Each structure stands twice: as structure tokens, then as C-alpha cells.
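Read through the structure below, which is laid out as C-alpha cells, and then see the notes.
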Amino acid sequence: MTIAEEHITEERSELLARLGLDGQNKASMGRVLATGSIAEATERADGTMEATIRIKEDEVCWEPAILVLPHGGDLELTVINDDKNTHACLLPSNGDQKFLWLVNHSRGKATIRLDGPGYYWYSSPGGNDEGRGLTAAIVVQGEVPPEARLDRPTQPRS
Amino acid sequence: MTVEYVDAGEAINHSALSSMARIAPAVTNDIDSERLLKARSESQNWLTYYGAYDGQRYSLLDQINAGNVSKLSPAWIFQAGQSGQMAATSTYAFEACPLVVDGVMYVTGWDGWFWALDAVTGKELWRYKHAVPFDVSLCCSNVNRGCAVAKGKVFFVTPNAQLLALDATNGDVVWQKTIGDVRAGESASIAPTVIKDTLITGSAGGEFGVRGHIDCWDLETGEQRWRTYTVPKPGEPGSETWPDDGEAWQRGGGNHWVTGTYDPELNLYYAGTGNPAPDFDGGVREGDNLYTDSVVAMDVDTGEIKWHYQFTPHDLWDYDSTMEMTLFERDGKKLLGHFDKNGYFFVLDRTNGELQHVTPFVDRIDWGVITRDGKVTPRKYPDKEGEPVHFYPGPAGAKEWTHAAYSQKTELFYVPVADVGATATRRRREFKEGIPYWGAGVQVDIDNMAGSVSAFDTYGEEKWRWRIDYPMAASVLATAGDLVFAGTPTGEFVALDARTGEKLWEFQCGSGHHSSPSTYSVDGKQYVVVPVGWGGWLEGIVPGLLGQGHGSAVIAFALPD
Numbered sequence: 704m705t706i707a708e709e710h711i712t713e714e715r716s717e718l719l720a721r722l723g724l725d726g727q728n729k730a731s732m733g734r735v736l737a738t739g740s741i742a743e744a745t746e747r748a749d750g751t752m753e754a755t756i757r758i759k760e761d762e763v764c765w766e767p768a769i770l771v772l773p774h775g776g777d778l779e780l781t782v783i784n785d786d787k788n789t790h791a792c793l794l795p796s797n798g799d800q801k802f803l804w805l806v807n808h809s810r811g812k813a814t815i816r817l818d819g820p821g822y823y824w825y826s827s828p829g830g831n832d833e834g835r836g837l838t839a840a841i842v843v844q845g846e847v848p849p850e851a852r853l854d855r856p857t858q859p860r861s
Numbered sequence: 015m016t017v018e019y020v021d022a023g024e025a026i027n028h029s030a031l032s033s034m035a036r037i038a039p040a041v042t043n044d045i046d047s048e049r050l051l052k053a054r055s056e057s058q059n060w061l062t063y064y065g066a067y068d069g070q071r072y073s074l075l076d077q078i079n080a081g082n083v084s085k086l087s088p089a090w091i092f093q094a095g096q097s098g099q100m101a102a103t104s105t106y107a108f109e110a111c112p113l114v115v116d117g118v119m120y121v122t123g124w125d126g127w128f129w130a131l132d133a134v135t136g137k138e139l140w141r142y143k144h145a146v147p148f149d150v151s152l153c154c155s156n157v158n159r160g161c162a163v164a165k166g167k168v169f170f171v172t173p174n175a176q177l178l179a180l181d182a183t184n185g186d187v188v189w190q191k192t193i194g195d196v197r198a199g200e201s202a203s204i205a206p207t208v209i210k211d212t213l214i215t216g217s218a219g220g221e222f223g224v225r226g227h228i229d230c231w232d233l234e235t236g237e238q239r240w241r242t243y244t245v246p247k248p249g250e251p252g253s254e255t256w257p258d259d260g261e262a263w264q265r266g267g268g269n270h271w272v273t274g275t276y277d278p279e280l281n282l283y284y285a286g287t288g289n290p291a292p293d294f295d296g297g298v299r300e301g302d303n304l305y306t307d308s309v310v311a312m313d314v315d316t317g318e319i320k321w322h323y324q325f326t327p328h329d330l331w332d333y334d335s336t337m338e339m340t341l342f343e344r345d346g347k348k349l350l351g352h353f354d355k356n357g358y359f360f361v362l363d364r365t366n367g368e369l370q371h372v373t374p375f376v377d378r379i380d381w382g383v384i385t386r387d388g389k390v391t392p393r394k395y396p397d398k399e400g401e402p403v404h405f406y407p408g409p410a411g412a413k414e415w416t417h418a419a420y421s422q423k424t425e426l427f428y429v430p431v432a433d434v435g436a437t438a439t440r441r442r443r444e445f446k447e448g449i450p451y452w453g454a455g456v457q458v459d460i461d462n463m464a465g466s467v468s469a470f471d472t473y474g475e476e477k478w479r480w481r482i483d484y485p486m487a488a489s490v491l492a493t494a495g496d497l498v499f500a501g502t503p504t505g506e507f508v509a510l511d512a513r514t515g516e517k518l519w520e521f522q523c524g525s526g527h528h529s530s531p532s533t534y535s536v537d538g539k540q541y542v543v544v545p546v547g548w549g550g551w552l553e554g555i556v557p558g559l560l561g562q563g564h565g566s567a568v569i570a571f572a573l574p575d
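Take a look at the structure:
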């Protein structure tokens, strides 16, 4: 998995930094949603995917902030808390959400299944994390199966 | 020095951190087509969406009756709750009709959620929560109307257009199919219907310019048996009602997003279809636009449309006709009754679609006139760019998707009526997949509105009316106890005398009603159950109550022991 800075224009990146919206407790009290790093999950030969998400010390946000999957399916996540506070992880998954306690400096695993395409929020539902400070997204790319598509010519998209 | 991480282990199911049993009795194992054909005779259960294939929403139970309903009180409350992600926090609502099988209740909610409950105590037996993308195009709102049960399984659809078969004892997935294209703006909200060894579903997404379809699936494997589009391609029957040199048919709407009814003798499934797209700009889709705003009678084995009747040709007011097609008999004749959003009550011969008569069922109708023999004359519609046009009923119709009931005992229909207008201003736009395709700006009146539960005989003559200050936004239920149950937008759940309309009982449920109550009995005790949770497409239905609290509970009522 490679983590890259968010694919945004330099102008926008500079503006976020100048306004203090790209980190904790600057202009706002937390990092503005969906700013931060982006990473792509790694796909194994059998089609399952893997990735790591972590909470860095005193940043109160997930790294990466946006995890991108090439398609729907099973994802094996390594979840790391590098912070000196306790957090948790409540992840979307078909059937039931997946929950993991994350005491200080801990590391766990989660296997989730998502249909895609679309983006899914996840968060840390611990009492001290309420609010949106530890909210991030998993984005599933791709199209629905060919047999589920409408019988019509290709249509314009925005 | 490297410090080893504390081992946090494997993530667990969120439901593991709850008190639920995680197992339910295997009550659906013996449900097959024979039992479903006779569903009404199993009056202790509510086996299908409408309680029976005929769509009457009528129960033979009479323990709770006009003489004792004043003693009705809550037996239990299930708080559906919310946690984690929600596809649209402002528009979620309960719109489901609970099914009950031998003491187990199955309820669906927003966001792909499903619960199995103990029907006597309300305790959660198991839950299933499908992950739904935050950005899926929802048409309209984050809702689901219910499930089907058979052969040890329960079946339901999710907002991101998945059809799931779950093990009825524990909620585990048995099979799953993608039934629509979320990138094209398709979604799903219909309660599936089990007929014979198949399952019938329909698509949602008419406001996004999709091409509506009805699908049939193998009950055991999920393999597709047939798909029938409700907007024909060039050259297919009905295509002459669309522009022959354009692309309108590709984006025509006509979605089937409310469960149909079924006549086993005729082997016909009666499917209501939604509005044409774009909703209000008829200039890009000249013609009658079949089979939108219609009932299509389909051969269950092949999906072939045997006949159709269009309630609003060339709709310019967003008058879907998806709501129930109630089957009943009169003087030995097989008939179909339909209260349309356009404000008129239609009765058809269901063997061939021949119109019997049409009558208005709401006070204010000025979009157009339909004569008793079915001649349609439009009067007011948004045909000039930028020019506001006010009309009654508004786009939620004189009755939205919510259902009427028909009592075999009184031979009356009971209808939740909405009397509110709207102003539409045509604004043409280009079509793009996944973007709303209305062709107008619309404002529904937020004052000067009314509603009622109204009783009509089968010829359309009004017999009584129970009035309220707001448009009704929930289904009604009729029982052999001479009762009609209905929920109001302001939270009251009421029991009316089926013969006079007199209010005999009410309970304030704490949130507005926008779903379908059902009734059942366990060990000889009758219950009435209603999901409560205000939300959904309220800006179209009752915008004057957009600011009401939401809530989300399932409440069961019974008489004291």
C-alpha cells in the first residue's frame, strides 16, 4: 500500500494550510473532513485486498484519511493506534459493522466486506472521540456487474 | 528501543456487544406457495407485504374490536436506534410493513438494516446491517418497505440495489444479487414478493432518469428468471408513445418501487409503475410515455405484459402509479381498485384492464379532469420555461405510496388522503447519470393543507371522513374487529370505527407515522404493530412538518390480560 498526499490542486492545499484547516486545533478544532492523505489498498492474486490504517500521535485522525479499493470485495485491514490515548474503530461491513478497541499503542486486524461502488464512512465511537474528529472514508471503485446494468446506450455522466 | 504494540486482536461484530439472542426459531421453513396463497386464513400471522396477495391489508382477527379498543395499550417498544454510518441522516424513516410468522417478527429499516424480533416481547433475536455507500443516489430517501419470507429464508433489498436472501434463523447471507446500477442512479426500496418458486422485485430511481424494470429471481439460487422493462425500446409494443427520433425512452423512468398484487387464477402480477422522467418537462418526451404511471398485468412465468392501463398519460405532475392495486370482487366480477396520486379512484376489470369507472377521492383537483369513463384532459402544468404553475394535488399526490385498506366485512375502502398543492417552475436541464432529472423547481405548499382517512364504497361514493390538519403520510389497516388503524404525521396512532369513522382510541407514539401497520396474534392474544419514524421524502409530502423530531421505534399494542 502506498500513501500519497491528497490529490488536490496546489492552490487548494496551500489555502487549507494558510487557513489552518489541515490539522488539529488551528483555525478549527480538528482537521477538516476528507483532507489528509489518500492510499490505495493492495490487491492479492485471489482478489482480496489489504491495507493499513493508523492513528498517529496527537493527530486525532486516520492515516490515510481516504482508503481506496479498486473494487468491492473482502478487505483485510491492519489497524494501528500510535496515539497515547485510547480509541476504537467501527467499520462498515456487510452483515454487521466491525468493532475493535484500540488502547494506547495497539495493533489489531479487521476483515470487512463491501459491495461498492461508493464511499463509506467509518469512525472511532469511543466517548472521547465523539464528534467527527476521527471520521474517515473507504472508497470502493468500479462498476456494478454487467448483468445488473440497464439495457440502454452509454449515457453521459457529470 | 522498539516497543511492541499491544495486541488489539480481531475486530468483532458490533452486535456481539449487545444482549440479543442471535438465533430465532425456524418458523419460515414450511412457508411455501400453498401457505402464501392462503395467507389471510392464517390470521395469526402476517405472511406477505399486504397480508395477502390481494393487497387488501385486511385481517380476520377481531379480538381487538370496536367495543374494546379503548383499552388498547403498548405491549412493547423496540428502539431501532442509530449508530455509525447512515446514508442520509436527514431523510431516513421507517416505511416498512412488519411481517410476523408464528411469534417472530421481521422488520426492515433504512441503511440496509433488518431485525428479527420476538413478537411477544419485542426483544431483538438477530440483526443484519448491510453497508451502504454514503454517496449512493437515493430515490427517494433512505427507506425500505419490507421483506418477504419463505423456505427458511427472508428476502429484502438494500438502498444500493442489492437483493439478499438471509437465513431466517440467524441473518446469515444465503445468496446475494446486484439488481440495479447505482452509478446510473438506481436504488431499491420495494418489499419483494414470493410467488411460486420465484421472487419478484422492482427498481427505484425514476427521479434520476433510469429505465424502470421488474425482475423475477429463483427463490433458492437467486438466478434471474426474467427482466421486463417498463419503458419499451424502439420497435417494442408501446414504443410509439415515445419520441421516435430521440433518447427519451432510455431515461424514461416508470419504476416499480412498491410491491404489486397477484391473482393466482389468472397467473397475473399487477405492478404499478412510477412517473416518467424528467418529471415535469414533458417537452423532451412527447407522447403518452407508456408504461409509466400505469398498472401492467404480467404473466408471472414469463414477465410478458398481458395488458396495461395508464392512469396519467404524459404525466407532467410527478403522479407515479406505484401504489397498491387492490384486488376485490363485486357481483362475481374480478376487479382491481387503485387510488392514484392524481386524485382519482379507478376500478378496472382485472382480467383484461377494461375500465369500470373513475371517481375523485380528494377535494382539490385542478391539474386536469378525468371523466367517469376515463377521458383525461390536462388543465395546469409547467410548460413554459421559468413560469410558475400551481396545481392540486402536489407531486406527492392525493395519496402517496402509502396504502389503502379494503374490508371484506364492510365492503369499504379506507384511504389515507393528502390534500396539498404545489408550484412547479419548468427549468430544462441536460441529462446526466446519477444526477436528479426533474426538469423543474418545485415548492410544495407549507400551509393551506388538509388530510383525512376517508371511506369509499367500491363505486367511489364517500361514506365517511375522519379529518386532520395535515396530509396523511402512512398506510391504514382494516380488521374484522370493525376497526381501521391509521397513524398521523404528528404521531398519533388512531383506531377508527370502520362503519362510522368515529375515533375510538389514540396513542401518541412520539414521532410521525410514515409506514404500514400490521396485526397478528400469538397464543391467542392479538397485537397491532406499527413502525414509527418520521422522515423520508417529506419535502414532497408534508413540508410543513419537516422540522418534526425523527425517532425510530417499532411499537406493538395489545389489550390488557
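Protein chains in written order, with the numbering used here: chain U, 704 to 861; chain L, 15 to 575.
We treat Cβ as the ideally placed atom computed from N, Cα and C, and that holds for glycine.
Keep in mind it's a predicted model, so treat the numbers as computed, not measured.
Asked                                                                                                                        : Found
Other residues of its chain near L/Asp310: CB distance less than 6 Å, five sequence neighbours each side excluded            : Here the sequence assigns Val to residue 310 of chain L, which means Asp is not the residue at that position. Excluding sequence neighbours, L/Val310 sits near Ala285, Ile319 and His322.
Alpha-carbon spacing of L/Gly117 relative to L/Tyr534, whole angstroms                                                       : 9 Å
Of the listed residues L/Ala494, L/Thr439 and L/Lys413, nearest to L/Val467 (C-alpha basis)                                  : L/Lys413
Per-residue contacts from U/Glu846 into chain L (C-beta, under 9 Å)                                                          : Asp195 and Arg197
Spatial distance of L/Ala218 from L/His404 (CA atoms)                                                                        : 27 Å
First and last residue of the uninterrupted alpha helix (DSSP H) at L/Arg14                                                  : The question about residue 14 of chain L has no answer, for chain L in this structure spans 15 to 575.
Burial state of L/Thr42 (16 or more Cβ within 10 Å)                                                                          : buried
Within chain L, the residues that U/Trp804 reaches when beta carbons sit closer than 7 Å                                     : Ala22
Own chain residues within Cβ distance below 7 Å of L/His564, not counting five before or after                               : Ser525, Gly547, Trp548 and Gly549
Presumed contact (8 Å Cβ cut-off) between L/Ala494 and L/Gln70, rounded CB distance                                          : That belief does not hold up - the Cβ atoms of L/Ala494 and L/Gln70 are roughly 12 Å apart, past 8 Å.
L/Gly98 at chain U interface by Cβ criterion, 9 Å                                                                            : Low confidence applies to L/Gly98: its pLDDT is 48, below 50, so where it sits in the model is not reliable, and the reading given next is rough at best. Yes, contact with chain U.
Whole-angstrom distance between L/Tyr19 and L/Glu338, CA atom to CA atom                                                     : 59 Å
Euclidean distance between Cα positions of L/Ala40 and L/Asn184                                                              : 9 Å
Touching by the beta-carbon criterion (3+ pairs, under 8 Å), the region 443–459 of chain L and the region 281–300 of chain L : yes
L/Arg378 vs L/Asp433 beta-carbon contact at 9 Å                                                                              : yes
Own chain partners of U/Ala851 with C-beta closer than 7 Å, once the 5 adjacent residues on each side are dropped            : none
Cut-off 6 Å between Cβ atoms - residues of its own chain near L/Asp511, not counting five sequence neighbours on either side : Ala80 and Leu518
Helix, strand or coil at L/Ile37 [DSSP, three-state]                                                                         : coil
CB contact flag (L/Trp140, L/Arg54, <9 Å)                                                                                    : no
Pairwise C-alpha distance: U/Tyr825 and L/Gly98                                                                              : Reliability fails at L/Gly98, whose pLDDT of 48 lies under 50, so the model's placement of it is uncertain and the value that follows must be treated cautiously. Computed Cα separation, rounded: 7 Å.
Neighbourhood of U/Glu867 by C-beta, 7 Å cutoff - its chain only, sequence neighbours within 5 removed                       : What is shown of chain U runs 704 to 861, which leaves residue 867 of chain U out entirely.
C-alpha gap between U/Gly723 and U/Asp786, whole angstroms                                                                   : 22 Å
Nearest-angstrom Cα separation, counted from U/Gly811 out to L/Arg443                                                        : 50 Å
C-beta atoms of L/Asp537 and L/Val134 nearer than 9 Å                                                                        : yes
For L/Gly95 and L/Lys210, the rounded distance between their alpha carbons                                                   : 36 Å
Bridge partner(s) assigned by DSSP for U/Ala744                                                                              : Paired residue(s): none; U/Ala744 is not in a bridge.
Beta-carbon proximity of U/Val771 to U/Ile741, cut-off 9 Å                                                                   : yes
Spatially closest choice to L/Glu48 from L/Tyr63, L/Ser32, L/Asp307 and L/Tyr67, by CA coordinates                           : L/Tyr67
CA-to-CA distance, L/Ala145 to U/Asp818, given in whole angstroms                                                            : 8 Å
L/Ile482, enclosing beta strand (DSSP E) - first and last residue                                                            : Glu476 to Ile482
Beta-bridge partners of L/Ile228, as assigned by DSSP                                                                        : L/Gly216 and L/Thr242
Secondary structure of L/Phe222, DSSP reduced to three states                                                                : helix
Candidates U/Arg721, U/Leu853, U/Gly830 and U/Val847: closest to L/Gln576 by CA position                                     : Missing from the structure shown is residue 576 of chain L; chain L here goes from 15 to 575 and no further.
Stretch-stretch touch, CB-based, cutoff 8 Å, three pairs: the region 380–397 of chain L with the region 339–352 of chain L   : no
Beta-carbon proximity list for L/Asn366, same chain, < 7 Å, skipping 5 on both sides                                         : Trp321
Per DSSP, cross-strand counterpart(s) of L/Glu447                                                                            : U/Arg860
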